[in-house]
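Beneath this line is the structure, given in structure tokens, with notes to follow.
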Amino acid sequence: MRKRPALLEQTFRASANFDLVPFRRLGDDDKEVLGELTKDPEFFGLLEPRVPGLGVKSASRSTASLVRALSKPGALPRRVRTSPADDRGAHIEMEREITRFVLDGVLEVEFGGRFVSGAMASHLLPADAFAVAPDTSKKPDVELERAAEPLATLSLQALRYGDALALRDASQLSARLYFYNRHPITPAWAHRLPSRSAVLDYLNAAGGGEVSSLLDRHWNLRPADGPGAWITWKPRAHPDQREPRSRNAAMHKLYVSPTIAAMPDAFRVVVRELAATEPTMFKVGGDVAGLMRPDKMVLYFPSRQALERVAYALSLPLDDMPSHGVPFTSAITDGCLLSEGMDPPRSLKVLSWRDAESWRLWITNRLAVYMLAAHATQGKTMRMSATAFALARIRLDGVDTDRWTPHATLWNNVARAEH
Numbered sequence: 007m008r009k010r011p012a013l014l015e016q017t018f019r020a021s022a023n024f025d026l027v028p029f030r031r032l033g034d035d036d037k038e039v040l041g042e043l044t045k046d047p048e049f050f051g052l053l054e055p056r057v058p059g060l061g062v063k064s065a066s067r068s069t070a071s072l073v074r075a076l077s078k079p080g081a082l083p084r085r086v087r088t089s090p091a092d093d094r095g096a097h098i099e100m101e102r103e104i105t106r107f108v109l110d111g112v113l114e115v116e117f118g119g120r121f122v123s124g125a126m127a128s129h130l131l132p133a134d135a136f137a138v139a140p141d142t143s144k145k146p147d148v149e150l151e152r153a154a155e156p157l158a159t160l161s162l163q164a165l166r167y168g169d170a171l172a173l174r175d176a177s178q179l180s181a182r183l184y185f186y187n188r189h190p191i192t193p194a195w196a197h198r199l200p201s202r203s204a205v206l207d208y209l210n211a212a213g214g215g216e217v218s219s220l221l222d223r224h225w226n227l228r229p230a231d232g233p234g235a236w237i238t239w240k241p242r243a244h245p246d247q248r249e250p251r252s253r254n255a256a257m258h259k260l261y262v263s264p265t266i267a268a269m270p271d272a273f274r275v276v277v278r279e280l281a282a283t284e285p286t287m288f289k290v291g292g293d294v295a296g297l298m299r300p301d302k303m304v305l306y307f308p309s310r311q312a313l314e315r316v317a318y319a320l321s322l323p324l325d326d327m328p329s330h331g332v333p334f335t336s337a338i339t340d341g342c343l344l345s346e347g348m349d350p351p352r353s354l355k356v357l358s359w360r361d362a363e364s365w366r367l368w369i370t371n372r373l374a375v376y377m378l379a380a381h382a383t384q385g386k387t388m389r390m391s392a393t394a395f396a397l398a399r400i401r402l403d404g405v406d407t408d409r410w411t412p413h414a415t416l417w418n419n420v421a422r423a424e425h
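Residues 7 to 425 in our numbering are what the sequence shown lists, from first letter to last.
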């Protein structure tokens, strides 16, 4: 059998799934919301999808040049195919970038006598991408078998749930993934926690007592931003928290996820430990809905080392508390009670009309687009499930989908890929 040429030597063409739109041809409203992207001298415009679910993409001048060069089938431009002989890393990164273009439906690659992209180009995925037969009822659930930790299993269940909804809007699907595992609001809890002040009373955070006194001594309570907003405490005196956060600094988050009934005890333990060791900014859900979400208590740290110190100090006193579990976060100890995430730098956005994304929102926004791309680009025979495709695709972004942690260089890589 004739050996297939290396990826960069294969035949490609620009996909009909996207229109390349220069900035000058965008409407005034679109120009206004693009914001900071227009300050980049390499910014060209947008790739606007013709197929629902593929998502709008920003396009650099080099991306625009590549798409135009492949308006007819042919080889990649020489500048893409070649790199300095001793720069193996640059060659590998270019292969990854072209793979992403094909999997996202921007380019198509010749395969088996036809041009394919998206889910039909799953042969480009790494060897550890798990193929799933179209009729999964007759096969073991490979993804769920692979998940060794409860939180990893929970995240995969969220993806299965999202796929089963058959939504075709990426923002709606992302929201369903993000909010997965919320507990329902019962009439009893709604009556007990009707307001922000009721939540503070429930947590013993107001009106005197040990917890209230510690909070008053070490933190300032931020005013409410509106109904249902987070209840946030900022430390009174902590250099790392007083200094403005660098736009290129990632924020480390520790999620404490007990059940709502266990929140007062968990809250007391957290406040005691932080007051004794490392007062830092933290927040809790501001109403009954906020306390029913799995990420009901979040602690912020400037470094992972600081997060680890507090997490392990909390692990023993919180050990026996019933847990809830935050999907798309990484477990720190056994079970689902303590987990972590790392928010991207504030300067990094998919497109600048989006608000700055948290770690979990960054994850679910991408998973939603990749799942919809799998459906939009699949043929009559699906080589792998939308869940498996999305997991494999987001690993190319630098995410460990067993533990839901970012690669150390993830944010720099994404910043380059987004432009």
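Using N, Cα and C, we set each Cβ at its ideal position, and we do this for glycine too.
Please read all numbers here as calculations on a predicted model, not as lab measurements.
Over what stretch of residues does the alpha helix (DSSP H) that includes LEU76 continue unbroken?
-> First-last for LEU76: undefined, no H or E at that position.
8 Å Cβ cutoff met for THR17 and ALA81 = yes
Any idea if GLU38 is buried or exposed, counting beta-carbon neighbours within 10 angstroms, 16 or more meaning buried?
-> exposed
Chain-order list of residues whose beta-carbon lies under 7 Å from that of ASP271 (same chain, five-residue window excluded) = MET327
Between the beta-carbon of GLY111 and the beta-carbon of THR393, is there less than 8 Å?
-> Here GLY111 is not near THR393, since their CB atoms are 8 Å or more apart.
Identity of the residues DSSP links to MET348 by a beta bridge = HIS258
Spell out a yes or no on whether the segment 189-206 and the segment 287-297 are touching, meaning 3 or more CB-CB pairs, one atom from each, closer than 8 Å.
-> yes
Looking at the unbroken beta strand (DSSP E) that takes in ILE98, where does it start and where does it end?
-> First-last for ILE98: 94-109, but that is the alpha helix (DSSP H), not the beta strand (DSSP E).
Going by the CB atoms, is the gap between LEU113 and MET377 shorter than 8 Å?
-> no
Do you know how far the Cα of VAL62 is from the Cα of LEU52?
-> 7 Å
What's the call for LEU343, buried or exposed, on a 16-neighbour Cβ count within 10 Å?
-> buried
Under three-state DSSP, which class holds ASN371?
-> helix
Is the segment 270-290 touching the segment 200-210 in the sense that three or more CB pairs, one from each, lie closer than 8 Å?
-> yes
Let me know the secondary structure DSSP gives ARG19 once reduced to three states.
-> strand
Give me the Cα-Cα distance between MET126 and ARG84, rounded to the nearest whole angstrom.
-> One C-alpha to the other measures close to 26 Å.
Kindly list the residues whose CB is nearer than 6 Å to the CB of HIS413, restricted to its own chain and excluding five residues on each side of it in sequence; keep chain order.
-> So the qualifying residues of the chain are GLY404.
For the beta strand (DSSP E) containing SER364, list its first residue and its last residue.
-> Counting along the chain, SER364 falls outside any beta strand (DSSP E), and DSSP gives it neither H nor E.
Under three-state DSSP, which class holds GLU284?
-> coil
Provide the residue span of the alpha helix (DSSP H) that contains LEU60, from first to last.
-> Here LEU60 belongs to no alpha helix (DSSP H), and DSSP marks it neither H nor E.
Find the nearest neighbour of CYS60 within the set ALA70, PHE107, ALA96 and THR88, judged by alpha-carbon distance.
-> Cys is not the amino acid found at residue 60; the sequence shown has Leu there. When each option's Cα is compared against that of LEU60, the closest is PHE107.
Exposed or buried, which one is TYR318 when buried takes at least 16 other CB atoms within 10 Å?
-> Counting Cβ neighbours within 10 Å, TYR318 comes out exposed, since fewer than 16 surround it.
Can PHE395 and ILE369 be called in contact, C-beta distance under 8 Å?
-> no
With 16 other Cβ atoms within 10 Å as the buried cut-off, status of LEU322 | Residue environment analysis places LEU322 among the exposed positions, since fewer than 16 neighbouring C-beta atoms fall within 10 angstroms of its C-beta.
Where GLU346 falls, given that 16 or more other Cβ within 10 Å makes a residue buried | buried
GLY51: first and last residue of the uninterrupted beta strand (DSSP E) it sits in | It spans 49-55 - the beta strand (DSSP E) in which GLY51 sits, taken as one unbroken run.
So, are the CB atoms of ALA312 and GLU284 less than 8 Å apart?
-> If you check the CB distance, ALA312 and GLU284 come in under 8 Å.
Best match in ARG278, ALA158, GLY234 and GLU101 for proximity to GLY341 [C-alpha to C-alpha] = Put simply, of ARG278, ALA158, GLY234 and GLU101 the residue whose alpha carbon is nearest the alpha carbon of GLY341 is ALA158.
Coil, strand or helix - TRP225 by DSSP = strand
Assigned secondary structure, LYS289 (DSSP; H/G/I helix, E/B strand, else coil) = strand
Identify which residue in PRO229, ALA12 and HIS381 has its Cα closest to the Cα of ARG102.
-> Nearest of PRO229, ALA12 and HIS381 to ARG102, Cα basis: ALA12.
Find out if the Cβ-Cβ distance for the pair LYS240, LEU305 is shorter than 8 Å.
-> LEU305 is positioned such that its CB atom lies no closer than 8 Å to that of LYS240.
Note down, in chain order, each residue of its chain lying with its Cβ closer than 8 Å to the Cβ of GLU48, except the 5 sequence neighbours on either side.
-> SER66, ARG67, SER68 and HIS425
VAL122 - containing beta strand (DSSP E), residue span | 120-122
Across which residues does DSSP place TRP410 in a beta bridge pair?
-> Beta-bridge pairing links TRP410 to no other residue.
In angstroms with no decimal places, state the Cα-to-Cα distance between ALA22 and ASP36.
-> For ALA22 and ASP36, the distance between alpha carbons rounds to 22 Å.
How would you label SER391, buried or exposed, when you count the other beta carbons within 10 angstroms and need 16 or more for buried?
-> buried
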